[in-house]
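Asker: Submitted below is the structure of interest, expressed as structure tokens.
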Amino acid sequence: NLDLKLEIVAKAETLAASDEWKKTTEALKTLMDEWKGIGRAAGGREEELWRRFSEAKTVFFERKRAHYGDIQKEQEENLEKKMALI
Numbered sequence: 589n590l591d592l593k594l595e596i597v598a599k600a601e602t603l604a605a606s607d608e609w610k611k612t613t614e615a616l617k618t619l620m621d622e623w624k625g626i627g628r629a630a631g632g633r634e635e636e637l638w639r640r641f642s643e644a645k646t647v648f649f650e651r652k653r654a655h656y657g658d659i660q661k662e663q664e665e666n667l668e669k670k671m672a673l674i
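Numbering (the numbering used here), first residue to last: 589 to 674.
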């Protein structure tokens with residue numbers, strides 16, 4: 589179980605830097621399902637691995653939220669410009 593969870597953590601940490609928002613969101617959901625299907629990791633490393641996995645997900649989703657926030661802000665600014673033209 590330890591090796592499987594180490595693989596999942598490594599994949600999640602790699603995905604944290606991705607800009608492919610939809611594809612990576614699905615991949616992280618799949619990794620979460622895999623995580624849940626694996627028993628506890630041996631050697632008392634469960635909490636450490638969970639922390640790393642959770643941090644990787646948080647980094648990605650914060651970046652995703654910021655990206656879409658920027659898009660929304662830009663769309664609102666464009667709407668204001670259009671309304672000014674009208």
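C-beta: ideal position from N, C-alpha, C; glycine also.
Check whether the segment 623-631 and the segment 589-596 touch, using three or more Cβ-Cβ pairs below 8 Å as the test.
Answerer: As far as the Cβ criterion goes, the segment 623-631 touches the segment 589-596, which means the pair count is three or higher.
Asker: Which runs of the alpha helix (DSSP H), 4 residues or longer, sit entirely within the segment 602-640?
Answerer: Within the segment 602-640, the complete alpha helix (DSSP H) runs of at least 4 residues are 609-625.
Asker: Go ahead and label A644 buried or exposed: buried means 16 or more other beta carbons lie within 10 angstroms of its beta carbon, across all protein chains shown.
Answerer: If you number the sequence shown from 1, residue 644 lands on position 56. Its Cβ being crowded by 16 or more others within 10 Å, A644 is buried.
Asker: Given E697, which residues of its chain have a CB within under 6 Å of its CB, disregarding the five upstream and five downstream residues?
Answerer: It is not possible to answer for residue 697, since the shown part of the chain is limited to 589 through 674.
Asker: Taking only the alpha-carbon atoms, compute the straight-line gap between E754 and T612 and give it to the nearest angstrom.
Answerer: This structure leaves residue 754 out entirely; the chain is present only between 589 and 674.
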